[in-house]
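First the structure, in the form of structure tokens, and then the observations on it.
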Amino acid sequence: MDLLSGLNEPQRLAVTHDKGPLLIFAGAGSGKTRTLTHRIAYLIEEHHVSTGRILAVTFTNKAAREMCERLENLIGPRAKSMWMGTFHALCARMLRIHGDRIGLNPRFAIFDTDDQVRLVKDILKELNIDTERFPANRVLGRISDAKNQLKSPEAFAEGANKPHEKVYASLYKRYQERLRAASALDFDDLLGESVRLLRESPESLEHWSDRFEHILIDEFQDVNEAQFQWAQMLASKHRNICVVGDDDQCLVAGSTVQTPNGIKPIEEIVVGDQVLGGIGRGEVGFHEVKAVKSKPYNGPVLSIGADPAGEDDPDYYFRATPNHVCFAQVDDEKPQDDSVVLLAFDNDCGTRGDQHSIYSKREGEIETNIDRAEEIALRMARSLGGSQIERFARFGPGKGFVDNANYRFLPAGRIEYDMAVPFIAGFQDFDLHDPSGTHPIVPAYVSVIEEEQYDGLVYDLDVEGGRNFAVDGIL
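The working numbering numbers the first residue of the sequence shown as 814 and each following residue consecutively.
Okay, structure coming up:
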């Protein structure tokens, strides 16, 4: 079988790539997964790589089954001998083999979502904690977020300064104690403990990084910190890692956008409409929509809630795909060695610049235009593993985006609890004819991050001048 038949030139280049890291970025329906599958078959048939030395990672069991079926059509039953599956399934398999090296019972139980909810409800009752203020699903969201950032209960407690954070810390600690007593792991533990295995057991790191000569990961734009660390360590020896991602940034149907005629759901916005957003120097105004993009999407979306008063039950939300890019305040006390810095200079202090370059600490400088600069910065941050995209603008004296706060472009999937996001105060009452300074941009603090599955259309807007627009008041 000719494995290159029917592929276009970029797909052929990706399939026949020899060795070293490979990043494949393209939109929905462009044949990314087909390219990945053909690359696996090409490695086996043309480079004679053993199926047992290839690790293929997907985000869903359905995607894993479909990939296996496609591979069987290309290379026959050998496809079934590969290590292929979701992050969680592959990590569970790894821990069954080597988990005892870090003190785990290899026969551990795995708690599903229903088990987790029951356990948290039991703990809330045990500790006599108000379930209206701390509903089980929200508690699990905070615990999951901490685990995905590889924060132990102790590390989480160290950063818990507010009263409600201390409650979450005590719940996280008790939750882990109960899991250990039951010799059980939840889904996030499968990843976290696999990372710990590779960090704390040099023999295991040597074994697995040597075994997997080629690592291929689909939907890489959705990986969290734990998943990235796991993949990075496994690829540390051979460095043959191929990641496939979709860089589209989208909001779900129902996302509310402010127009001169009131609030509209994003799906009702058309080219030529005016939408509220930043105009630079911490001020806001309306901008014309130049294009409306929509596409079908089936996958995870994040519901992120924030409130200027820092309330636990926020009034303002946006729901977006994990790679939707937005502003958030980051802590420069936590350096990111692999971050990508996008330098954008604009004497008018707008949110986008006119003279542009990207500087990666590993790759050097790339001259480009601003739209491409941001696009490539996102891609490079993902490929290099940076957890943030830093963007510096030269503002006028004393006038910054939000009181000179330290805001950066971040994918929604990188936003953390208690981060500040820019919010337009009183956005519902914005007066097109009197926009002068009465609606400042202020910080709103994130107190809810919830993940859900979504199947439907998602949207994005191209706004004049490349400006950011507000969704439910959040820029």
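Glycine included, each C-beta is placed from N, C-alpha and C at the ideal position.
Assuming contact is defined by CB atoms lying nearer than 9 Å, are residue 1134 and residue 1047 in contact in what I supplied?
Within the sequence shown, residue 1134 is the residue found at index 321, counting from 1. Within the sequence shown, residue 1047 is the residue found at index 234, counting from 1. Cβ atoms of residue 1134 and residue 1047: not closer than 9 Å.
Compute the distance between the beta-carbons of residue 772 and residue 1271, then report whether it is under 9 Å.
Residue 772 is absent from the structure shown; the chain starts at 814 and stops at 1288.
Are the CB atoms of residue 850 and residue 873 within a distance shorter than 9 Å?
Reading the sequence shown from its first residue, position 60 is the one you call residue 873. Reading the sequence shown from its first residue, position 37 is the one you call residue 850. Result no, Cβ atoms of residue 873 and residue 850 do not sit closer than 9 Å.
With 16 other Cβ atoms within 10 Å as the buried cut-off, status of residue 910
On the sequence shown, position 97 is the one that residue 910 refers to. Exposed, by the Cβ-count rule.
Does DSSP put residue 1089 in a helix, in a strand, or in coil?
One-based indexing of the sequence shown puts residue 1089 at position 276. In this structure, residue 1089 counts as strand in the three-state DSSP scheme.
In angstroms, rounded to a whole number, what distance separates the CA positions of residue 932 and residue 959?
Translated into positions along the sequence shown, residue 932 becomes position 119. Translated into positions along the sequence shown, residue 959 becomes position 146. For residue 932 and residue 959, the distance between alpha carbons rounds to 18 Å.
Rounded C-alpha distance that separates residue 857 from residue 848:
In the sequence shown, counting from the first residue as 1, residue 857 sits at position 44. In the sequence shown, counting from the first residue as 1, residue 848 sits at position 35. Looking at the two C-alpha atoms, the distance is approximately 14 Å.
Simplified DSSP state of residue 1134, which is helix, strand or coil:
In the sequence shown, residue 1134 corresponds to position 321, counting from 1. The answer is coil: DSSP assigns residue 1134 none of H, G, I, E or B.
Start and end residues, beta strand (DSSP E) containing residue 1262:
In the sequence shown, the residue the question calls residue 1262 occupies position 449. Looking at the DSSP string, the run of the beta strand (DSSP E) that includes residue 1262 is 1254-1276.
Short check: CB of residue 1284 to CB of residue 1079, under 9 Å?
Within the sequence shown, numbered from 1, the residue matching residue 1284 stands at position 471. Within the sequence shown, numbered from 1, the residue matching residue 1079 stands at position 266. In this structure, residue 1079 lies closer than 9 Å to residue 1284 by Cβ.
Is it true that the CB of residue 1229 sits closer than 9 Å to the CB of residue 799?
Since the displayed the chain opens at 814 and closes at 1288, residue 799 lies outside it and no answer follows.
Along the chain, which unbroken stretches of the beta strand (DSSP E) at least 3 residues long are found entirely within the region 959-1013?
997-999
For residue 923, three-class secondary structure by DSSP:
As a working mapping, residue 923 is identified with position 110 in the sequence shown. In the structure shown, residue 923 sits in a strand (DSSP, three-state: E or B).
Cβ-based burial, residue 1118 [other Cβ within 10 Å; buried from 16]
Here residue 1118 is taken as the residue at index 305 of the sequence shown, counted from 1. Burial call: buried.
Please return the same chain residues whose Cβ sits closer than 6 Å to the Cβ of residue 920, not counting the five positions on each side in sequence.
Numbered from 1 along the sequence shown, position 107 holds the residue referred to as residue 920. No residues qualify anywhere along the chain.
Stretch-stretch touch, CB-based, cutoff 8 Å, three pairs: the region 875-890 with the region 970-989
no
Could you tell me the distance, in whole angstroms, from the CA atom of residue 830 to the CA atom of residue 1012?
Along the sequence shown, one-based indexing puts residue 830 at 17. Along the sequence shown, one-based indexing puts residue 1012 at 199. Spanning the two alpha carbons is a distance of roughly 30 Å.
For residue 1232, which residues of its own chain have a beta-carbon under 7 Å away from its beta-carbon, when the five flanking residues on both sides are left out?
Taking the first residue of the sequence shown as 1, we reach residue 1232 at position 419. So the qualifying residues of the chain are 1141, 1142, 1259.
What residue from 878, 1282, 926 has the CA that sits closest to residue 1082's CA?
Here residue 1082 refers to the residue found at position 269 when the sequence shown is read from its first residue. Looking at the Cα atoms, 1282 is the closest of the given residues.
Spatial distance of residue 1045 from residue 877 (CA atoms):
Translated into the one-based positions of the sequence shown, residue 1045 becomes position 232. Translated into the one-based positions of the sequence shown, residue 877 becomes position 64. So the alpha carbons of these two residues sit roughly 21 Å apart.
Among all the DSSP beta bridges, which residues are the ones paired with residue 1221?
Residue numbering aside, residue 1221 sits at position 408 when the sequence shown is read from its first letter. Bridge partners of residue 1221: 1141.
Go through the region 1010-1044 residue by residue and report every complete run of the beta strand (DSSP E) that reaches 3 residues or more, in order.
1027-1030
N-terminal and C-terminal residue of the beta strand (DSSP E) that residue 888 is part of
What you label residue 888 is simply residue 75 of the sequence shown in a count that begins at 1. Per DSSP, residue 888 belongs to no beta strand (DSSP E); it is in the alpha helix (DSSP H), 874-888.
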